[in-house]
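Undergrad: Just passing along the structure, written as structure tokens.
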Amino acid sequence: TLVEEVRKSESYLGAVLEGRDIGTVVFPDAEFKFYVDASPEIRAKRRMLQLQERGENANFEKILTALRKRDFQDQNRKVAPLRPAEDALIVDTGNLSADQVLEHLVACIGEEKNVS
């Protein structure tokens, strides 16, 4: 399977990967796992702003409904349901910029490396 091929590839050693099931299915033994999340309302607002910046029409309520539907489907699917890995650090990004999230994650890795 694709997951098995990815696991075998040495090109991912030391890499930073993101995905809805990277830490639970693809690399369950990864050294560091983060589950970054924000409320559906904040995520919908961010998506709406992205679309507007591209000159596209964006309806907040439609985006919010679509996000909630996708979350429900992903959390309830039979294969690899969306959930944080048991050993993942959950990071609420609701009040953080993308740069602040990155700084926080890097700091967490640095702290863990200093403890080990």
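So the sequence shown is numbered by this note's numbering: it starts at 8 and just counts up by one.
The beta carbon of each residue, even a glycine, is placed where N, CA and C say it ideally should be.
Taking the C-alpha atoms as reference points, what is the distance between A37 and P88?
TA: Along the sequence shown, read from residue 1 onward, the residue named residue 37 stands at position 30. Along the sequence shown, read from residue 1 onward, the residue named residue 88 stands at position 81. When rounded, the distance between both Cα atoms is 18 Å.
Undergrad: Could you pull the start and end residues of the alpha helix (DSSP H) that I70 belongs to?
TA: Numbered from 1 along the sequence shown, position 63 holds the residue referred to as residue 70. F67 to N83 is the extent of the alpha helix (DSSP H) around I70.
Undergrad: Just checking, does the stretch 67-76 make contact with the stretch 42-51 on the three C-beta pairs under 8 Å criterion?
TA: Verdict: yes, contact present.
Undergrad: Are the stretch 82-100 and the stretch 23-32 in contact at 8 Å, needing three or more beta carbon pairs?
TA: Cβ pair count under 8 Å is three or more, so yes.
Undergrad: Between V108 and the rest of its own chain, which residues show a CB-CB distance below 8 Å, the 5 nearest in sequence each way excluded?
TA: Counting from one through the sequence shown, the residue named residue 108 turns up at place 101. Only V43, V98 and T100 meet the Cβ criterion.
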